[in-house]
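Numbering (the UniProt record's numbering), first residue to last: 1 to 442.
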Amino acid sequence: MTAKILLVDDDTTFCLMLKTWLAKRGFEVEEAFSCKEAVGKMKKSGYDVVLTDLRLPDEDGLQVLREAKKMLPGVQVILMTGYADISTAVQAMKLGAFDYVAKPVIPDEILKKIQEAVEHKDLPAEKKHAKKAEGLTYIKGTSRDSDKLYEYIRLVAPTMMTVLITGESGSGKEYIARLIHNQSKRQDAPFVAVDCGAIPKDLAASEFFGHVKGAFTGAVSDKTGYFVQANGGTIFLDEIGNLSYDVQIQLLRALEERKVKPVGSNKEIAFDVRIISATNENLAKAVAEGSFREDLFHRLNEFSIKALSLRERKEDIPVFANHFLAAANEELGKDVIGFEDAVMDVFRRYNWPGNLREMRNVVKRATLLCQGEFIGMEHIPSELSEVKDADIEDFALKREKNEVDLIREALAKCNNNKSEAARLLKIDRKTLYNKMKLYKME
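The structure is reproduced here in structure tokens:
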């Protein structure tokens, strides 16, 4: 049976392109350009999925969501939202939205969400909740390097290739590993994450391969090792460079034979796992120095991915800041709307040595301290706020002074396409709408 979709967006060019793209993939698609028009169509016809923009000319996507849930029992609603609206998207999830996807929209991502939404209708209630919670963790940057990273993930995920993820501490290596697993054919099987740096050398064999009762002092019962726990799924070996040379030999043998022998046992246990490993060290250098086995390095490094530091993806800083704000609001029971311009300027200039982990902590702390609607300079640590200087203030003043002219010029260049104009101005679509309203440009 063909799934029927209602596409709600006031960007007519985008609507036409997405409708055509989805129709070629077997969906029946109707479009509406306002909340009022969408409600009218929902009164006359049923839909499996409603795909709506959050920003509409008359109402917002939340109203479309409310009306859809009221009029069409079982319908699944997906919101398309600018990154600054992620906190609103979280609110939408509470109101019953199936998921949200950030703009600019990636067609393959939209297709995956729609397919999940259609399948979701027949899932038990507890699995539906788990599916929605999983959707909240997805966040993607807008920079070219981010696009390239996610393209690598998309290409390697369906294969059985081993993947070595390199990158600085806090740059999201485990997140990348989980994303690869979730997009693979093993997504319904276990994902077992192992911190190799936290395993004592004398217990490594037991942790990886298991042991039988009485194998050594303290072995009071049988233990299943990580490789057998992950059977059928993926094992993620974090900080692989911390393994001792002896353990590297045992690991290499296990990977070659695809069998493990628990400590104290004479029986071998076959396993079927996909190997993803990660390190913040230079393993090639460790191989040259003789501290890491070259044959194990090549076994683990069939495909390599570099996790980007925040310094390498300055364009993505507002994306992650708003994502962490939405998460902090949810966890702390707060309702902070966003960041003052001066704070975001500081975020862009700061080097973030702790990367995403540091930003998450900074934003969470600031959210806790903030008593108003916007996080200000007084809410962020002094080591960040000291970055603020006259250059930032001068730039902000010049930008405000010329804002109207810049917006008009961008709209003219983009034939009044607001999504393209916002991208040209390097702001999100919600901000563009707000500024146009402020300057009475609509």
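All C-beta atoms in this analysis are idealised placements derived from N, C-alpha and C, irrespective of residue type, glycine included. These numbers come from a predicted model, not from an experiment.
| query | result |
| --- | --- |
| Measure the CB-CB distance between A92 and A177 and report whether it falls below 8 Å. | no |
| Since L310 and L243 are thought to touch, with beta carbons under 8 Å apart, how far apart are those beta carbons, to the nearest angstrom? | At roughly 28 Å, the Cβ-Cβ gap does not stay under 8 Å, so L310 and L243 are not in contact. |
| Return helix, strand or coil for G197, following the three-state DSSP convention. | helix |
| To the nearest angstrom, how far is it from the Cα of S382 to the Cα of K19? | 49 Å |
| Which one or two residues does DSSP pair with Y100 in a beta bridge? | L79 |
| Let me know the secondary structure DSSP gives K259 once reduced to three states. | strand |
| Out of curiosity, what's the CA-to-CA distance linking K440 and V163? | 52 Å |
| Per DSSP, what are the beta-bridge partners of K185 in this structure? | K185 is not bridged to any residue. |
| Just to confirm my understanding: we take T12, look at its own chain, exclude 5 residues before and 5 after, and list those with CB closer than 8 Å. What are they? | F33 |
| Comparing C-alpha positions only, which one of D341, I235, E207 sits nearest to P190? | I235 |
| So what's S304 in DSSP terms, helix, strand or just coil? | strand |
| Do you know how far the Cα of I276 is from the Cα of N173? | Correcting the residue identity first, residue 173 is Lys in this sequence and not Asn. K173 and I276: Cα-Cα distance of roughly 10 Å. |
| In the structure shown, what three-state DSSP assignment does V105 receive? | coil |
| For a test of the three-state rule: what should DSSP assign to T2, helix, strand or coil? | coil |
| Within the stretch 220 to 249, note down every full beta strand (DSSP E) run reaching 3 residues or more, in order along the chain. | 234 to 238 |
| Which residues in the same chain have their Cβ closer than 7 Å to the Cβ of Q229, if we skip the five residues on either side of it in sequence? | P190, V192 |
| Whose C-alpha, out of G26, L22, Q63, is nearest the C-alpha of V39? | Q63 |
| From the DSSP output, which residues share a beta bridge with V209? | As written in the sequence, residue 209 is Phe, which differs from the Val given in the question. Answer by DSSP bridge pairing: none, since F209 is not bridged. |
| Excluding the 5 residues flanking D58 on each side, which residues of the same chain have their C-beta closer than 7 Å to its C-beta? | S34, C35, K36 |
| May I ask you to report which of helix, strand or coil DSSP gives P293? | The sequence as given places Arg at residue 293; Pro does not occur at that position. Three-state DSSP puts R293 in coil, outside helix and strand. |
| Residues in its own chain within less than 6 Å of V247 by CB, not counting five upstream and five downstream? | A204 |
| What residue does the alpha helix (DSSP H) around A422 start on, and which one ends it? | 418 to 425 |
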